[in-house]
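Reviewing the structure listed below.
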Amino acid sequence: MTELTLVQAVNRGLFEAMRSDPDVLVLGEDVGVNGGVFRATEGLYKEFGADRVIDTPLSETGIVGTAIGMALYGLKPVAEIQFLDFIYPAFDQIVSELSKFRYRSGGQYPCHVVIRSPYGGGIRGGLYHSQSTEAYFCHTAGLKVVVPSTPADAKGLLLTAIHDEDPVLFLEPKRIYRSVTGEVPDGDGRVPFGTARLVREGTDVSLFAYGAMVPPTSEAAEKLAGEGISAEVIDLRSLVPLDEASVVASVQKTGRAVVVHEAARFCGFGGEVAAVLAEKAFYSLKAPIARVTGYDTPFPYALENLYLPNADTIMHAARSTVKAG
Amino acid sequence: MTELTLVQAVNRGLFEAMRSDPDVLVLGEDVGVNGGVFRATEGLYKEFGADRVIDTPLSETGIVGTAIGMALYGLKPVAEIQFLDFIYPAFDQIVSELSKFRYRSGGQYPCHVVIRSPYGGGIRGGLYHSQSTEAYFCHTAGLKVVVPSTPADAKGLLLTAIHDEDPVLFLEPKRIYRSVTGEVPDGDGRVPFGTARLVREGTDVSLFAYGAMVPPTSEAAEKLAGEGISAEVIDLRSLVPLDEASVVASVQKTGRAVVVHEAARFCGFGGEVAAVLAEKAFYSLKAPIARVTGYDTPFPYALENLYLPNADTIMHAARSTVKAG
Amino acid sequence: MAESAVPSVAPASGSDSADGLSPQRLLEAYRTMVLARVTDERCLHLQRQGRIGFYAPLQGQEAAQVGAAMALRPEDWVFPAYREMAVALLRGVPLQAIIDQLFSDSSDLTKGRQMPNHFGFRAQNFVVASSPIGTQITQAVGAAMAARLRGDPIVTVPFFGDGATSSNDFHAGLNFAGVFKVPTVFFCQNNEWAISLPREKQTRSPTLAEKAKAYGFSGVVIDGNDVKAVYRTVLDARRRAVAGGGPTLIEAQVYRFGPHSTSDDPHRYRSNAELEAAKRKDPVLRLQRELKEAHGLDEAGDSKIWDDARAQLSAAIEVAEKTPKVAPDSFLDDVFATPTPRLAEERAAFEALVREGVIKP
Amino acid sequence: MAESAVPSVAPASGSDSADGLSPQRLLEAYRTMVLARVTDERCLHLQRQGRIGFYAPLQGQEAAQVGAAMALRPEDWVFPAYREMAVALLRGVPLQAIIDQLFSDSSDLTKGRQMPNHFGFRAQNFVVASSPIGTQITQAVGAAMAARLRGDPIVTVPFFGDGATSSNDFHAGLNFAGVFKVPTVFFCQNNEWAISLPREKQTRSPTLAEKAKAYGFSGVVIDGNDVKAVYRTVLDARRRAVAGGGPTLIEAQVYRFGPHSTSDDPHRYRSNAELEAAKRKDPVLRLQRELKEAHGLDEAGDSKIWDDARAQLSAAIEVAEKTPKVAPDSFLDDVFATPTPRLAEERAAFEALVREGVIKP
Ligand SMILES: Cc1ncc(C[n+]2csc(CCOP(=O)(O)OP(=O)(O)O)c2C)c(N)n1
Ligand SMILES: Cc1ncc(C[n+]2csc(CCOP(=O)(O)OP(=O)(O)O)c2C)c(N)n1
Ligand SMILES: [Mg+2]
Ligand SMILES: [Mg+2]
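Protein chains in written order, with the numbering used here: chain A, 1 to 325; chain F, 326 to 650; chain X, 651 to 1011; chain U, 1012 to 1372.
See the structure below:
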């Protein structure tokens, strides 16, 4: 066990994967000599050289397109997209190609690329260094999407992603890259996909969150306990595949649900969670399902703290939900 | 009133807009000399010439990027994307630019582009001529998204789109381009955004659909009537802005809801509708909310008829919903 | 018969002196071109009869495809667009496999998932095609980087059209190839049209080949109706690439004789005169003439080649039409290596609907 | 004082004989460059002190920006990236407006929505910048097509960096410009770096300018430290464009003296020696030298220019720091021309949360 920040855990995961498997390589903008703009790839270039830690031209189309070609050939490329906000030039390759290769070839061409990308607000990044558009990717059949919120999950899910047989979008909550630290197992410590993480047990209401929304959600639960409300907190962490069983079971127990995410509400991931509950936990529900999310506006700069959910707004929603019905 | 097919109504709408406003122009692949691969722009080139009916090189990035520039300058460009499946090279321009211009400029630069695109399955088009990825765009704040299912709405919503002040994605259900005909008002006949269309009144269950799913949903309702089930059918048609009031009111009346769309289920538009209902019509709901949708796979070619919802699968879901609870 | 009309891939060097093709190999080339031509014509009919759902013909492009494919080795990777049937044949893909794909029967390697022409044949390193224009270009560059890293002395070859030069992936792919000096041979078949858009409206550069200069390497224009010129040029580019000399962009000038696809009506945008002029340079007839004039192919020998091709084709179609269709629930396979719980649930729901007679496959 | 240091846009032709700049206009150029330099340096400090949240400096690029801007007319449209402060100043944007944006105070025309440097000034036809690299390039081409259709004799000018030549929009934009012979002047400031990626790893073409040939028009390389050369070249390209001669790609070779942005540490990827060498060609000092040697600028006059700039800047900062912040609920404005019911509901919910003290602005 070592105490690491979240971004250090990502870095550690990359080192371990590259050391243990010569097929793993890293490519992206500023990932080599510079060690990544968030230092997630720090040190890799020195140890593995320019052939396996590739500084690419400024083209996300090229990064993901060539990563796909490498994967088809049998390598395990880990592509970095500098900010999730800049992934769109690669969207065609992700949506039309990466996610559909296995399917359209009748299983002849699996295509296993990991795309890592920092996402989310709270770093004074404005419209283009803050967005949380995971829903686009979750709606894309053939793609897995995971979001760690602890250092152990960061390394554990990353190693699972790199050794998975399918394409994975690995979203890193950059807001808590350095503010969250935690014990990380020294060995492999892989965390399986498709399992949610129970952060805190509770009986009155279920709070669902992921990524950088987990800390304020936990904080809210703690404070709610002081008010006599027992909130269960579940870190979804694996958005695709989603651990629906845990989500449903929690609400079958509590009867009340609040879904938290940074992304805009309309057609966001919270919609899917609500729909799953409205179908599969319907008879347990005692109150309307609440969503605490970003607003249906682009992501603002100066007022981001008003835009983003926080412990107070989460508590407020949880209280209303508990009082309702 | 004139009896037209849906694609003829689109064509008529384009003619009328271009005749009445010299700022309206059309651009895209094969839209000029060839009249569009579905003939939606037939005849425009002859009447308005190459300056206003622009055959572009094969680049959706270029089509939407230049359309944005035209709109900033004050024109009203109507860009055609040949199939919605091919919109992704323009995704960056749509998500990062078009939808955010007004906002990021503090209102200085409205950006009013209409993007027309045929979407959906049922034409033996396989993975890349069949997709319904409206949810990506609905989740993008700053963009309006509409989908007609009748010729009158096709023309009426298109004219509203062209004269709106904001960017609009206008999705055309190509499967019913020619199979659906109907009376179309000869004059302007604009249909306002944000209003759903009540297709059929009912009291036992609400069926929500849009685009090419409206005909099988109506058919299902008709047959259900024969079984003694009174189904209300609502054509959502304006996905953004959504007519939530009508959606909620219908379920407050019926107590039961089935949402139908072609797109994959996970994080699809049905999730948002279910979430709205689970929040705002919760106390009226008598049964789990059902979704009848495409599967969470890429869109298949040979077996598309098994993949797509149809009147039978919609009836089945409606019956289960009515029996439940 | 089938074997000779569909030659397996022979090593690109060796027997052919001074980078030329021996008469024997020219005859092989011709057999493949004839088979492609015959198949192409029949498929247009099959589509009209409703026996297949769609077709995109390659007539006019046979020499470019066969010439390029002959210069490659089995270990090389081909990244095709949707017109490269003759490349597949030359690389040893059985005609039956192609026909099975067009019919999406249960022998179709792509399992009925894709429209006709979107082939993928792993055994022949013929990567599965998609519809979005240009996407295979960056992928081919990535595969070449991977091959070099593994120490495999091969090239990757994306095939694409004139229209694809406007795509994002053309720009990114050629730029990465230049920067990383990648062993990729970019093979552009300029058939003068991108659906209804003529070449000169696609871009204002005088040739497509010269676009390579913008990426720091060179491009070459060749007559795509001349199978020998195509072969020599690709052989050359391949050799340079494998030796570490970097990529080449080849523009093979051809003409699309048929419609863009069976959904297209070329009379709306191009003249018959233009088509007739192009047909006077028909690559199949040109090679036929050469074989007759210089290499002793006689009428009877030639007729046999055409007849053999037709017979082989008819046999393949017959097999395809007798082959069962893909299994109804197969569209739920291959999304992931292992189905997620959600997909398992959807399969169960589908099966239940079938059992209850709601869905009637 | 303020007026002279921030000259309003003067017609590009006329007084300046033989496309040269009169001593008077050279002095104007110098004043703007000094103001930009002084502002730039101060802003790096302001960011370090936490008084602004971010900053992307332009030092080393002043002559390129000012030279280009002087050759344009007020009616022309500028499509900037995030470093074009000096262009804005030269076009008559008040320094106060720039500082207001950096502080996102309530006078900020972009209403605190964007990070510093992402300016937009409609009155000066300075289109609002975004972060994604290259997107302004196709937009500028579209605006030029629109202007031509309207009969307006203007040009559009996208500004972008060496890194942006790898973007999709560079490819599409230049291709459309070539095909439609659009009145756009593409102005690339090659400052040798795209964050940590050196120019030679961005693309293998010897110059960036020659990429224009791939699109059927011409490109020209200029010394971006020479304000007169930049001015002449842009004036020329502008004239040709307005006359229907089509687009030009200009590569102004400069050097980024500062970090990529305040989030960047250039010591990780480039040497001090390289920086020092570049600084010996400092465009501001170069013009200062010329004005002193050839146009009679004396020490006192020069000092006054620098002092005026500093004074003007301090005044603007003071105003900005006293200006109220943007209104708390303003982030809910301007999504659409008229709020949708959903947005109205979200505003009501926000206001309720504020009223109840849950959200504390
Ligand atoms: C990204 C994208 N946009 C549009 C289309 C529709 N489309 C299919 S083929 C084609 C023209 C392709 O022309 P070219 O590259 O010259 O190839 P050819 O068909 O001539 O072989 C177009 C526009 C597409 N498949 N992909
Ligand atoms: C599409 C996209 N990818 C990545 C980034 C992150 N990024 C910001 S600036 C930059 C480098 C830009 O280099 P260049 O075009 O030369 O402009 P310069 O910063 O040198 O002025 C990068 C990679 C971005 N903004 N947009
Ligand atoms: Mg072509
Ligand atoms: Mg640069």
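Glycine included, each C-beta is placed from N, C-alpha and C at the ideal position.
CB contact check: residue i to chain A, cutoff 8 Å
| i | result |
| --- | --- |
| T763/X | According to the sequence provided, residue 763/X is Arg. The question's Thr does not apply to it. So, interface residue. |
| H464/F | yes |
| T990/X | yes |
| I1206/U | yes |
Test: residue i CB closer than 8 Å to a CB of chain X
| i | result |
| --- | --- |
| E1262/U | no |
| D380/F | yes |
| G1145/U | no |
Presumed contact (8 Å Cβ cut-off) between residue i and residue j, rounded CB distance
| i | j | result |
| --- | --- | --- |
| R918/X | N359/F | 5 Å |
| F208/A | V273/A | 6 Å |
| L1055/U | T1273/U | 7 Å |
Proximity test, Cβ basis, 8 Å: residue i and chain F
| i | result |
| --- | --- |
| A1363/U | no |
| M1096/U | no |
| I68/A | no |
| T883/X | no |
| V1253/U | no |
| A655/X | Legend: pLDDT at A655/X = 34, less than 50; position of this residue unreliable, value from coordinates given subsequently. Not one chain F Cβ lies under 8 Å of A655/X. |
| G1064/U | no |
Coarse secondary structure for residue i, derived from DSSP in three states
| i | result |
| --- | --- |
| R1249/U | helix |
| H112/A | coil |
| T391/F | helix |
| M1012/U | Low confidence applies here, because M1012/U scores a pLDDT of 30, under 50, leaving its location unreliable and the question unanswered by this model. |
| D1234/U | strand |
| P1372/U | coil |
| E995/X | helix |
| C463/F | helix |
| P148/A | coil |
| Q852/X | helix |
| I448/F | coil |
Opening and closing residue of the alpha helix (DSSP H) in which residue i lies
| i | result |
| --- | --- |
| L1012/X | Residue 1012/X lies beyond the residue range present for chain X, which begins at 651 and ends at 1011; the question has no answer from this structure. |
| F340/F | 331 to 345 |
| N1179/U | 1179 to 1191 |
| R675/X | 673 to 698 |
| I955/X | 949 to 972 |
| R939/X | 933 to 945 |
Residue range of the beta strand (DSSP E) that includes residue i
| i | result |
| --- | --- |
| S276/F | Residue coverage of chain F in this structure runs from 326 to 650, which leaves residue 276/F outside it and unanswerable. |
| T644/F | Going by the sequence as given, residue 644/F is Arg instead of Thr. Taken as a continuous stretch (DSSP letters only), R644/F belongs to no beta strand (DSSP E), being part of the alpha helix (DSSP H) at 636 to 648. |
| S206/A | 205 to 209 |
| K253/A | Careful: K253/A lies outside any beta strand (DSSP E), inside the alpha helix (DSSP H) at 244 to 254. |
Cβ of residue i within 8 Å of any chain U Cβ
| i | result |
| --- | --- |
| Q701/F | In this structure chain F extends from 326 to 650, so residue 701/F is not present and cannot be described. |
| G35/A | yes |
| S384/F | yes |
| N818/X | yes |
Cutoff 8 Å: residue i Cβ touching any chain C Cβ
| i | result |
| --- | --- |
| S1115/U | Of the protein chains in the structure, A, F, X and U, none is chain C. |
Problem - Stretch pair the stretch 71 to 79 of chain A + the stretch 9 to 29 of chain A: three plus CB contacts closer than 8 Å - result: Yes, since at least three Cβ pairs between the stretch 71 to 79 of chain A and the stretch 9 to 29 of chain A fall closer than 8 Å, the two stretches touch.
Practice task
For the stretch 764 to 778 of chain X and the stretch 996 to 1006 of chain X, state whether three or more C-beta atom pairs, one from each stretch, are separated by less than 8 Å.
Solution key: Between the stretch 764 to 778 of chain X and the stretch 996 to 1006 of chain X, the count of Cβ pairs shorter than 8 Å is below three; the stretches do not touch.
Problem - Segment contact, 8 Å Cβ cut-off, at least three pairs: the stretch 813 to 821 of chain X with the stretch 735 to 744 of chain X - result: No contact exists between the stretch 813 to 821 of chain X and the stretch 735 to 744 of chain X.
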